[in-house]
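Data block below; observations after.
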Amino acid sequence: MPNRDVAIVVLAAGKGTRLKSSLAKVLHSAGGRPLVDHVVRACAPLGPKKTVVIVGHQAEQVAARVEPLEAETVLQQPQHGTGHAMQVAKRTLGNAKIAVVLPGDAPLIRTETLKALMNAHRAANAAATILTAVVADPSGYGRIVRKSGNSVAAIVEDSQLSPEQREINEINSSIYCFTLDKLWPALAQVKPNNKHREIYLTDAVAVLASKGETVLAQVSPDPREVLGCNTRADLAEVDRNFREWKRNELMDAGVTILLPETVLLDPDVTAGEDTILEPCVQLLGGTRIGARCRIGTGSVLTDAILGDDVTVEPHCVVAKSRLDAEVRIGPFSRLRPDNHLKAGSRIGNFVEMKKSTLGEGSKAMHLTYLGDAKIGSKANIGAGTITCNYDGFHKYPTTIGNKVFIGSDSALVAPVRIGDGAYVAAGSTVTDNVPPDALAIARGRQANKPGWAAKKRRELAAAEKPAKSTKRKRAARKTSSRRAKSKRRR
Ligand code: UD1
Ligand code: MG
Numbered sequence: 098m099p100n101r102d103v104a105i106v107v108l109a110a111g112k113g114t115r116l117k118s119s120l121a122k123v124l125h126s127a128g129g130r131p132l133v134d135h136v137v138r139a140c141a142p143l144g145p146k147k148t149v150v151i152v153g154h155q156a157e158q159v160a161a162r163v164e165p166l167e168a169e170t171v172l173q174q175p176q177h178g179t180g181h182a183m184q185v186a187k188r189t190l191g192n193a194k195i196a197v198v199l200p201g202d203a204p205l206i207r208t209e210t211l212k213a214l215m216n217a218h219r220a221a222n223a224a225a226t227i228l229t230a231v232v233a234d235p236s237g238y239g240r241i242v243r244k245s246g247n248s249v250a251a252i253v254e255d256s257q258l259s260p261e262q263r264e265i266n267e268i269n270s271s272i273y274c275f276t277l278d279k280l281w282p283a284l285a286q287v288k289p290n291n292k293h294r295e296i297y298l299t300d301a302v303a304v305l306a307s308k309g310e311t312v313l314a315q316v317s318p319d320p321r322e323v324l325g326c327n328t329r330a331d332l333a334e335v336d337r338n339f340r341e342w343k344r345n346e347l348m349d350a351g352v353t354i355l356l357p358e359t360v361l362l363d364p365d366v367t368a369g370e371d372t373i374l375e376p377c378v379q380l381l382g383g384t385r386i387g388a389r390c391r392i393g394t395g396s397v398l399t400d401a402i403l404g405d406d407v408t409v410e411p412h413c414v415v416a417k418s419r420l421d422a423e424v425r426i427g428p429f430s431r432l433r434p435d436n437h438l439k440a441g442s443r444i445g446n447f448v449e450m451k452k453s454t455l456g457e458g459s460k461a462m463h464l465t466y467l468g469d470a471k472i473g474s475k476a477n478i479g480a481g482t483i484t485c486n487y488d489g490f491h492k493y494p495t496t497i498g499n500k501v502f503i504g505s506d507s508a509l510v511a512p513v514r515i516g517d518g519a520y521v522a523a524g525s526t527v528t529d530n531v532p533p534d535a536l537a538i539a540r541g542r543q544a545n546k547p548g549w550a551a552k553k554r555r556e557l558a559a560a561e562k563p564a565k566s567t568k569r570k571r572a573a574r575k576t577s578s579r580r581a582k583s584k585r586r587r
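Quick note, the sequence shown lines up with residues 98 to 587 if you use our numbering.
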């Protein structure tokens, strides 16, 4: 439902001093996205006339985050408080009637809650409607001083509370609906509040209330939604909530998660029915997992696309790679970006791949590096095989055909092609192309010297004998003298 008379204003100019960080607060991440990103995304389904983000600290970086989400930015420089931020936005808001104002540091807010807030505001024809929350520990937040019923007299900042007001556990979320032609004159009357001479948006609420305008409080159904991130501990708490919601979403979609509290899922991750995520799994970025997959403990998948029935055994690291149906990897496999493992192929422990394709049913089970390699179907890559893809200047490709057998401990010096059905003998260093169905042996020939080892042992034993017997005599003398001494003591 579009709301063409509504503008969204996201306050995101502050530095976030309490985070003790060189990064602007709203660029810190929780739940797999920067804080401001979550806020703008939550507002988009409201269909507003426009979304305006007030930027200040690290304005360019914040703008770079929100502009792709179709938000405009307005620069607030210097930052003289949340009320001042609104004044700076005034011109850009044009003829919007209502503004939904949100802080850029409260990312758990849900679209449904914002819709309900707007509906309540419209229904009462209010000047301001404040989203509030009743919390166990209100410290740090502005408190809601109610007049009667739903109506509000003022918002009092934490630092300015009277002893009785400290008892109030209804807090200001900093999420509001304002009717703009009522807000502007009220804001003009607000005096700078603290020693930094900041104009508080919260003080405009008291001005509106004193003029007899309708100022309402709407309590958030879930107080966690309004959690602001002022400290690192707040960030961790908000992150915990996002991750829990995401896990619940996947479990609702038919995914089994073992010890869910240990599993980290980014917001865009999807997984099919009957997939099992073992403890301590991380699924990040745009990872998409098919049905009936199993992701082993300790595995970290970033931007991975998995078909159905894929098994990732424990402790694998996968980046930006495609694993088709029934692929099996691990334990301890590493896929760097741009690999394609085709249906039924397998890689095992300590196998690393980069920019490589492994054909259908092919295997590389142990201690192998495959870089810039294209491997056909049903090939067997022996333990310890290395594609030497880099000569210190450039990278080169290795092409391995269908049904090729590469013996263990082979070095394939790229660029090189191994034809279909060819064999490479173990321990070979292959520098030339191998024709189809050929055997390549590229190693020193073995020479056996009969009886050499036995002869060597005899020689060594003879050379050691005299030395050993003197040692033994000396040791025997020592023990007998020790025994004599101890007898005397007794
Ligand atoms: C604010 C509210 C407080 C509320 C709390 C909820 C005020 C005065 N206080 O306090 O009542 O309980 O949020 O989390 O509004 N910002 C600007 N320009 C500025 C100052 C701030 O854009 O000049 C932005 C910040 O980047 C931030 C948001 O406004 O995203 C809120 O500022 P913050 O400093 O976090 O205010 P709180 O102390 O949390
Ligand atoms: Mg805050």
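Heads up, the beta-carbon is just placed ideally off N, CA and C, and yes, glycines get one too.
Using only alpha-carbon positions, find the residue among Phe429, Ser418, Arg555 that is nearest to Glu410. As a position in the sequence shown, residue 410 is number 313, starting the count at 1. Nearest option by C-alpha distance: Phe429.
Can the beta-carbon of Val316 be found closer than 8 angstroms to that of Ala250? Taking the first residue of the sequence shown as position 1, residue 316 is located at position 219. Taking the first residue of the sequence shown as position 1, residue 250 is located at position 153. No, the Cβ-Cβ distance between Val316 and Ala250 is not below 8 angstroms.
With burial defined as no fewer than 16 other Cβ atoms inside 10 Å of the residue's Cβ, what is the status of Asp38: buried or exposed? The structure shown does not extend to residue 38, since the chain spans only 98 to 587, so no value can be given for it.
Going by Cα to Cα distance, which pick from Val366, Ala508, Cys377, Arg240 is closest to Ala314? As a first step, residue 314 must be located in the sequence shown, where it is residue number 217. Closest option to Ala314, Cα to Cα, is Arg240.
Asp134 CB to nearest heavy atom of the ligand GTP below 7 angstroms: The model depicted lacks the ligand GTP and carries the ligand UD1 and the ligand MG instead.
Report the partner residues of Thr76 according to the DSSP bridge assignment. Any question about residue 76 goes unanswered here, given that the chain covers just 98 to 587.
Measuring from the CB of Asp435, is there a heavy atom of the ligand UD1 at a distance below 7 angstroms? For this step, residue 435 is matched to residue 338 along the sequence shown. No, the ligand UD1 has no heavy atom inside 7 angstroms of this Cβ.
For Thr367, which option in Leu356, Glu358, Met348, Ala558 has the closest C-alpha, if you only look at C-alpha atoms? Along the sequence shown, read from residue 1 onward, the residue named residue 367 stands at position 270. Ranking Leu356, Glu358, Met348, Ala558 by Cα distance to Thr367 puts Met348 first.
Can you give the Cα-Cα distance for Ile268 and Cys377, rounded to whole angstroms? Looking up residue 268 in the sequence shown gives position 171. Looking up residue 377 in the sequence shown gives position 280. Distance between the alpha carbons of Ile268 and Cys377: 36 angstroms.
Any heavy atom of the ligand UD1 closer than 7 angstroms to the beta-carbon of Pro204? Position 107 of the sequence shown, counting from 1, holds the residue named residue 204. No, the ligand UD1 has no heavy atom inside 7 angstroms of this Cβ.
Please state the DSSP three-state secondary structure of Pro282. Within the sequence shown, numbered from 1, the residue matching residue 282 stands at position 185. Correct three-state label for Pro282: helix.
Taking DSSP's pairing of strands, which residues face Thr484 in a bridge? As a first step, residue 484 must be located in the sequence shown, where it is residue number 387. Answer by DSSP bridge pairing, in chain order: Leu509.
In the DSSP output, which residue or residues are listed as bridge partners for Pro62? Any question about residue 62 goes unanswered here, given that the chain covers just 98 to 587.
Based on the DSSP output, what are the partners of Met450 in its beta bridges? Locating residue 450 in the sequence shown gives position 353, where the first residue counts as 1. Met450 is bridged to Leu432, Leu467.
Contact set for Gly237: own chain, Cβ-Cβ below 6 angstroms, skip 5 residues either direction: For the purposes of this step, residue 237 is taken as residue 140 along the sequence shown, with counting starting at 1. Same-chain partners within the cutoff: Asp255.
By alpha-carbon positions, which one of Pro512, Leu132, Ile478 ends up nearest to Val521? To locate residue 521, count along the sequence shown from 1; it is residue 424. Nearest option by C-alpha distance: Ile478.
Just to confirm, does Tyr238 get its C-beta within under 7 angstroms of one of the non-hydrogen atoms of the ligand UD1? As a first step, residue 238 is located in the sequence shown; it is residue number 141 there, counting from the start. At least one heavy atom of the ligand UD1 lies less than 7 angstroms from the C-beta of Tyr238.
What do you get for Ala559, buried or exposed, if any count of 16 or more other CB atoms within 10 angstroms of its CB means buried? Here residue 559 corresponds to residue number 462 of the sequence shown, with the count starting at 1. Ala559 should be labelled exposed.
Is it right to say Ala139 is buried, meaning 16 or more other beta carbons lie within 10 angstroms of its own, or is it exposed? As a first step, residue 139 is located in the sequence shown; it is residue number 42 there, counting from the start. Under this definition Ala139 is a buried residue.
Got a sec? Which residues, its chain only, sit under 6 angstroms from Met450 by beta carbon, not counting five neighbours each side? As a first step, residue 450 must be located in the sequence shown, where it is residue number 353. Around Met450, the same chain offers Leu432, Asn436, Leu467 as residues with beta carbons nearer than 6 angstroms, after the five sequence neighbours per side are excluded.
When DSSP labels each residue in this structure, what does Phe339 get in the three-state scheme? For the purposes of this step, residue 339 is taken as the residue at position 242 of the sequence shown. Here Phe339 sits in helix by DSSP.
Taking the beta carbon of Thr276 as the centre, do at least 16 other beta carbons fall within 10 Å, making it buried, or is it exposed? The residue given as residue 276 occupies position 179 in the sequence shown. With 16 or more other Cβ atoms within 10 Å, it is buried.
Using the beta-carbon count (16 or more within 10 Å), is Gly548 buried or exposed? Taking the first residue of the sequence shown as position 1, residue 548 is located at position 451. Counting C-beta atoms within 10 angstroms of its own C-beta, Gly548 has fewer than 16 neighbours from the protein chains shown and is therefore classed as exposed.
Would you grab the beta carbon distance between Gly153 and Gly191 for me? Rounded to a whole angstrom, and I think it's under 8 angstroms. Here the question's residue 153 lines up with position 56 in the sequence shown. Here the question's residue 191 lines up with position 94 in the sequence shown. No, Gly153 and Gly191 are not in contact; Cβ-Cβ is about 21 angstroms, not under 8 angstroms.
Taking only the alpha-carbon atoms, compute the straight-line gap between Glu295 and Val287 and give it to the nearest angstrom. Locating residue 295 in the sequence shown gives position 198, where the first residue counts as 1. Locating residue 287 in the sequence shown gives position 190, where the first residue counts as 1. In a straight line, the C-alpha of Glu295 is about 10 angstroms away from that of Val287.
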